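Here the numbering used here is used: the first residue of the sequence shown is 266, the next is one more, and so on.
Glycine included, every Cβ here is placed at the ideal spot set by N, Cα and C.
Fair warning: this is a prediction, and the values are worked out from it, not measured in the lab.
Heads up: the structure comes next, in structure tokens.
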Amino acid sequence: MIRRYMFFICLIFSCNSKEVNKDRAKVILGKWALTTNKSHGWEVTKESISYFNRKDRSSYQLFGDSIRTMSSYFNRVDVFALKFTGNDTLTVNGIDGEHIYVRVK
């Protein structure tokens with residue numbers, strides 16, 4: 266009986282986390298620019314991220330409150346923590362600190 270309850274609790278939590286990732290996947294789509302420098306930013310599509318100041322595209326994966334980018338240009342993988350404020354402000358924390366981006370219309 267306890268195993269059944271544990272199974273349902275795990276099932277509920279796993280469904281909720283998938284829904285959160287789906288919501289974040291929708292919210293992150295679009296163009297984002299730094300609040301301090303509008304010429305620096307990126308555009309996120311379903312398949313990749315392209316940067317305003319570079320010609321390459323990076324693939325990415327969302328994991329809960331973070332994003333992992335895989336750049337062929339730099340031949341590296343980076344992980345950043347994400348925090349959304351509404352649908353138009355995004356705080357990104359990485360190895361070089363915290364940066365705030367706003368949605369470009």
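First and last residue of the uninterrupted beta strand (DSSP E) at residue i
i, result
"Lys348", "Arg341 to Thr350"
"Thr356", "Thr354 to Gly359"
"His364", "Gly362 to Val369"
"Phe317", "Counting along the chain, Phe317 falls outside any beta strand (DSSP E), and DSSP gives it neither H nor E."
"Lys296", "Gly295 to Leu299"
"Gly306", "Gly306 to Val309"
"Ser323", "Arg322 to Phe328"
"Ser337", "No beta strand (DSSP E) holds Ser337; DSSP gives it neither H nor E."
Within 9 Å, strictly: CB atoms of residue i and residue j
i, j, result
"Ile360", "Ile332", "no"
"Ser323", "Tyr316", "yes"
"Val369", "Gly295", "yes"
"Asp321", "Ser336", "yes"
Cβ distance (whole Å) where residue i is taken to contact residue j below 8 Å
i, j, result
"Val342", "Trp297", "The Cβ separation is near 20 Å, so there is no contact."
Nonlocal neighbours in the same chain, by C-beta distance under 6 Å from residue i, ignoring five residues either side
i, result
"Thr300", "Ile365 and Val367"
Same chain only: Cβ atoms within 8 Å of residue i, ignoring 5 sequence neighbours per side
i, result
"Gly351", "none"
Checklist entry - Do the region 337-352 and the region 306-315 touch if we need at least three Cβ pairs shorter than 8 Å? => result These segments do not touch.
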